[in-house]
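Residue numbers are given in full-length UniProt numbering: position 388 of the sequence shown equals residue 388, and the series is strictly consecutive.
Ideal Cβ placement from N, Cα and C applies to all residues, glycine included.
Keep in mind the model is a prediction, meaning the values are calculated, not measured.
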Amino acid sequence: MVWDIAILTSPRNGRRTSDMQEDTNLSYFHGALMDQDADAMLQNEGDFLIQSRHSSTAIRQRMVIAIRTKDSIKRIDIRRNENGVRLGGKTFPNLKKMVEYYSKEPIVLQGGEELLLKKAVPKGKFQLVHSDVRLLKKIGSGAYGTVYRGQLIRENNRTIAVKRIDSEGTDEQALAEMMKEARVMQLNDHKHIVKFFGFIVDRMPYLLVMEYCDGGSVEDKLRAHPKRITIPMRVDMSTQGSYGLEYLHSRDCIHRDIATRNCLIDKGIVKLADFGMCRATNVYKIDLSKPLNVRWLAPEVWRNGETRYNTDIYAYGVLLWEMFEIPYNSPYAEWKAYTVKQKVMGGYRMPPPRAMPEEMVAVMELAWNHDPEKRPDATGLRKLLEEVNKKYCSDDEQSKTKSVLKSRA
Numbered sequence: 001m002v003w004d005i006a007i008l009t010s011p012r013n014g015r016r017t018s019d020m021q022e023d024t025n026l027s028y029f030h031g032a033l034m035d036q037d038a039d040a041m042l043q044n045e046g047d048f049l050i051q052s053r054h055s056s057t058a059i060r061q062r063m064v065i066a067i068r069t070k071d072s073i074k075r076i077d078i079r080r081n082e083n084g085v086r087l088g089g090k091t092f093p094n095l096k097k098m099v100e101y102y103s104k105e106p107i108v109l110q111g112g113e114e115l116l117l118k119k120a121v122p123k124g125k126f127q128l129v130h131s132d133v134r135l136l137k138k139i140g141s142g143a144y145g146t147v148y149r150g151q152l153i154r155e156n157n158r159t160i161a162v163k164r165i166d167s168e169g170t171d172e173q174a175l176a177e178m179m180k181e182a183r184v185m186q187l188n189d190h191k192h193i194v195k196f197f198g199f200i201v202d203r204m205p206y207l208l209v210m211e212y213c214d215g216g217s218v219e220d221k222l223r224a225h226p227k228r229i230t231i232p233m234r235v236d237m238s239t240q241g242s243y244g245l246e247y248l249h250s251r252d253c254i255h256r257d258i259a260t261r262n263c264l265i266d267k268g269i270v271k272l273a274d275f276g277m278c279r280a281t282n283v284y285k286i287d288l289s290k291p292l293n294v295r296w297l298a299p300e301v302w303r304n305g306e307t308r309y310n311t312d313i314y315a316y317g318v319l320l321w322e323m324f325e326i327p328y329n330s331p332y333a334e335w336k337a338y339t340v341k342q343k344v345m346g347g348y349r350m351p352p353p354r355a356m357p358e359e360m361v362a363v364m365e366l367a368w369n370h371d372p373e374k375r376p377d378a379t380g381l382r383k384l385l386e387e388v389n390k391k392y393c394s395d396d397e398q399s400k401t402k403s404v405l406k407s408r409a
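Given below as C-alpha cells:
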C-alpha cells in the first residue's frame, strides 16, 4: 500500500492548486523552515528566501519573505488573494513574478526604507520536499511519532525510514522538536550512526528522512533470539555500538537516550539511532519534572539536572546489562520508576547478568561508577570493549554475528 501525503493547504482562496505547487517548487521557497535556521543561511545584504507559516487548523498558509539588510533580517508578510500574491502594494500572479519584479525595483516599507532582492538563497543539502519521498508501510509508532518505510525517489527509490513527529502541543512545537533532531543529525556521518537524508517542511506533515535499517532494533533481536545470539555475538554488538557513541561525543553531541531499543541493525551492523533527545553541547540541563528514561539515568542527574558525556557512559553501562540479560528483560523491571531513582541515587546497581563475562562485568561497573569523573570517556570505553572483543570474538565469530543480525526471522 502506498500512503498518499495529501496537500494540506486548501486553495479555498481562489488560487489554482497548480499555482500553489509552482510556488512551493521554487528553489528559494523554504516552507516552514524555522527562523533560526533561515537566518543562518542569509549571509549578505540582499540575500532572501521565502518561508511559510503552517497550521493544521488554518484555511490559508501564511508566507513571509526574509531579507538580510545591512543591520538585521526583515520579514514581510506576503498576502494572498484571488489574483495571486501581494507585496509592497502590488499584486503578482505568483511568487516567481513577484521576485523578478523586486529584483529590479525595491520594496518600499512604511517609513521609506527600500529593500532590493539581490540573491535568492536555495534550499540546503538536507532540505527535501514531499514529492521526494513515497511512503509504503507504517512500521512503528510511539510517543516520539510515527515511522514509515518508504522510498527516496530522488535516489533511485532507495528504501528509507520516514519519521513524522507527533506532538501533544501546537504545530509550532512539533516543528521545533523535529528541527532539534534534524540539526543534530546533520552533523553526523558514520558507519555506526543511522544516516540522515534530510527533513521536509514544505508543507504539513513535517517529516524526517533517514536510513532504513532492515534488522530492527537490538532490543527486539535480543527478545526474539535469546539462544541464537551467542555470548561472543553479544560482546561484538556491544563493541559496535561504542564506535557510534565515540563518534557522537567527538562531534560534541550528547545522545541522552542510550539503550538497546535505540540501537538499530542494518546488514549486520549496529547503529545508534533516535536522536530526538540528542543535543549538540557538552552539558544540557533537563526538566526533572518531565518523564525521563529513568532506568538508564545516571544518579547525579537527579541532583544537578545536568546531562553530560559521562551520563551517556552510565547509560551505556545499562545497555551492556541489557545485552547479557537472558532472556531479555528491562532494567530494574520489578521496580517502579520512583524506586529505581531512590535506589540508584543511594548507590545500588543491578547485579550482573549470569551470562555476562567477567571482563564485561568490569567494564559495566566502570561505566556505573557513582563518581562521574571516574567513568571512562567514550574512547576509553571503546578501547576496553575492543579488548574484550578480541578475546571472545574472532573474525569468524564476527561474521556469524553479522549473519544472525542480517536475518529477519
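Endpoints, alpha helix (DSSP H) assigned at residue i
i, result
"Ile313", "309-324"
"Asp287", "Neither: Asp287 is in no alpha helix (DSSP H) and is coded neither H nor E."
"Leu385", "378-392"
"Thr159", "From DSSP, Thr159 is part of no alpha helix (DSSP H) but of the beta strand (DSSP E) over 158-165."
"Asp132", "No alpha helix (DSSP H) holds Asp132; DSSP gives it neither H nor E."
"Glu113", "Careful: Glu113 lies outside any alpha helix (DSSP H) and carries neither H nor E."
"Ala38", "35-41"
"Leu95", "95-102"
"Tyr338", "337-345"
"Arg354", "No alpha helix (DSSP H) holds Arg354; DSSP gives it neither H nor E."
"Asn304", "301-304"
Length of the line joining the Cα atoms of residue i and residue j
i, j, result
"Leu405", "Glu365", "27 Å"
"Leu33", "Tyr247", "28 Å"
"Thr77", "Arg53", "The residue you asked about is not Thr; residue 77 is Asp in the sequence shown. Each residue's alpha carbon lies about 10 Å from the other."
"Pro226", "Tyr328", "7 Å"
"Ile326", "Met356", "9 Å"
"Lys138", "Met178", "19 Å"
"Pro372", "Gln186", "29 Å"
"Gln43", "Glu113", "20 Å"
"Phe29", "Gly111", "27 Å"
"Leu292", "Ala337", "9 Å"
"residue 416", "Tyr102", "Lying before the first or after the last residue shown, residue 416 is absent from the chain, which here runs from 1 to 409."
"Trp302", "Tyr314", "14 Å"
"Leu320", "Arg79", "57 Å"
"Thr379", "Leu385", "10 Å"
"Asn389", "Phe324", "14 Å"
"Gly124", "Asp23", "17 Å"
"Arg375", "Glu387", "17 Å"
"Ala120", "Ala161", "31 Å"
"Ser10", "Tyr148", "Residue confidence is low: Ser10 scores 41 on pLDDT, short of 50, so the model does not pin down where it sits. No coordinate-derived value is stated."
"Val235", "Arg256", "22 Å"
"Ile265", "Pro232", "17 Å"
"Ala174", "Lys90", "34 Å"
"Ser394", "Tyr316", "23 Å"
N-terminal and C-terminal residue of the beta strand (DSSP E) that residue i is part of
i, result
"Asn81", "73-81"
"Val270", "269-272"
"Val147", "145-152"
"Arg86", "84-87"
"Val64", "62-68"
"residue 411", "Limits of the chain in this structure are 1 at one end and 409 at the other, which puts residue 411 out of reach."
"Leu49", "47-53"
Assigned exposure category for residue i - 16 Cβ within 10 Å defines buried
i, result
"Leu207", "buried"
"Gln240", "buried"
"Val283", "exposed"
"Thr260", "buried"
"Glu322", "buried"
"Pro353", "buried"
"Asn83", "exposed"
"Ser238", "buried"
"Asp396", "exposed"
"Ala333", "exposed"
Proximity of residue i and residue j at Cβ, strictly below 7 Å
i, j, result
"Asp202", "Val129", "yes"
"Asp274", "Asn262", "yes"
"Val108", "Met98", "no"
"Phe48", "Ile73", "no"
"Gly276", "Glu181", "yes"
"Gly305", "Leu272", "no"
"Pro331", "Val344", "no"
"Ser242", "Arg382", "yes"
"Tyr309", "His370", "no"
"Leu95", "Pro106", "no"
"Val209", "Gly216", "no"
"Asp132", "Arg154", "yes"
"Gly150", "Lys163", "no"
"Thr307", "Ile254", "yes"
"Val340", "Arg279", "no"
"Thr281", "Ala298", "no"
"Trp335", "Arg349", "no"
"Lys118", "Gly31", "no"
Closer than 6 Å: residue i CB and nearest the ligand NAD heavy atom
i, result
"Ala40", "Absent from the structure shown: the ligand NAD. Ligands present: none."
- Task: Could you name each continuous alpha helix (DSSP H) segment of 4 residues or more that falls completely within the stretch 186-268, going from the start of the chain to the end?
- Result: Segments of the alpha helix (DSSP H) lying fully in the stretch 186-268: 218-224, 231-250.
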